[in-house]
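If you want our numbering, it's the position in the sequence shown, counting the first as 1, plus 299. Ideal Cβ positions, reconstructed from N, Cα and C, are used throughout, including at glycine. Treat the numbers as computed from the prediction; the structure is a model and nothing was measured. Here is the structure we will look at.
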Amino acid sequence: MMAALFLLLAAGAATAEPVRVERRVLIKEKRWFVSGGFAWLERGDYYLNPGFALSASYYPTEEGGPEIRVAGFVSRLSAAGDEVFKLTGLMPDSHRPISLVTAGWRQSLSYGKLAIGSSVLHFDLQGALHGGALVTDRSVAPALSASGGALMRITARIHAQLDLGLLASYERRSRASIAVGFLPLLSIGVAL
Numbered sequence: 300m301m302a303a304l305f306l307l308l309a310a311g312a313a314t315a316e317p318v319r320v321e322r323r324v325l326i327k328e329k330r331w332f333v334s335g336g337f338a339w340l341e342r343g344d345y346y347l348n349p350g351f352a353l354s355a356s357y358y359p360t361e362e363g364g365p366e367i368r369v370a371g372f373v374s375r376l377s378a379a380g381d382e383v384f385k386l387t388g389l390m391p392d393s394h395r396p397i398s399l400v401t402a403g404w405r406q407s408l409s410y411g412k413l414a415i416g417s418s419v420l421h422f423d424l425q426g427a428l429h430g431g432a433l434v435t436d437r438s439v440a441p442a443l444s445a446s447g448g449a450l451m452r453i454t455a456r457i458h459a460q461l462d463l464g465l466l467a468s469y470e471r472r473s474r475a476s477i478a479v480g481f482l483p484l485l486s487i488g489v490a491l
C-alpha cells in the first residue's frame, strides 16, 4: 500500500510544472543602509523611555556588515515613580537614560519573500551585536546590546527595519548593578 502511494506521488511530481525561484531584489552588497525611526527602552525602573534612533550600516557582502547606531530618549518618571516621588520625595536610584551610542556588526541570517495579495514583500532576517555607551542623567555607562529583526524592502531604495533588542548597561546605584532592558526599534530608511 505504501509503495503504491509513493509511486502515485512520484508520478504526480514528475508531471508537475517546474518550480520557479524569483531572483533576490533586496540587494545589500556594497551599499549603505541609513534609517531613522522610533525607539523605546523598557527597563522596569520607574522611567518611561520613548525615543528616536538613527542607524547606518554598510554591507561589504550580502552576509553582513558594520553598523553605527545613535538613539536619544525623552525619559520621564512613570506614573508609579511619580506617585512615590509625590508621597515620599524619593527618586528611584536607577539612572534616567538620555542617549545611546553603539557600534557593532549586523549579520543577515535568512532571506525571504511573503506574498501579500498580488504583491511580494522581500525581507532579510538579521541579528546584530553592539557595544557602546548609555548616557544617563548621572553618568556615561558601558552598554552591550543584542537584537534580532527584519529588514524589509518597500521600493528599490526605501526600506523599513524592525529590531527587537536587549540592552545591558552597568550603573552605579545604591549598589553596583547591571540594568537590562528591552529595546525595540522601528525605522524607515534609504539604501545608498
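DSSP three-state assignment for residue i, whether helix, strand or coil
i	result
K385	helix
G380	helix
L443	strand
I453	coil
R240	With the chain covering 300 to 491 only, the question about residue 240 has no answer from this structure.
E328	coil
S438	coil
Of the listed residues the options, nearest to residue i (C-alpha basis)
i	options	result
M390	E382, R405 and I397	E382
S374	T360, S334, K385 and F351	F351
Q425	S476, P349, M451 and S438	M451
L353	D462, R472 and R456	D462
G447	L484, L325, A455 and G364	L484
G403	V324, K327 and A355	A355
P359	G380, T454, K385 and R405	R405
Status (buried if at least 16 other CB within 10 Å, exposed otherwise) for residue i
i	result
L465	exposed
F372	buried
A370	buried
G416	exposed
E470	buried
P441	exposed
G431	buried
G343	exposed
Residue j beta carbon less than 8 Å from that of residue i
i	j	result
E361	S407	yes
S393	L347	no
S444	T401	yes
I477	T435	no
G488	Q460	yes
- Message: What ranges does the alpha helix (DSSP H) occupy inside the region 337-418, keeping only unbroken runs of at least 4 residues that lie completely in it?
- Response: 378-387
- Task: Scan the region 460-487 and note each continuous alpha helix (DSSP H) run of 4 residues or more that stays entirely inside, going in chain order.
- Result: none
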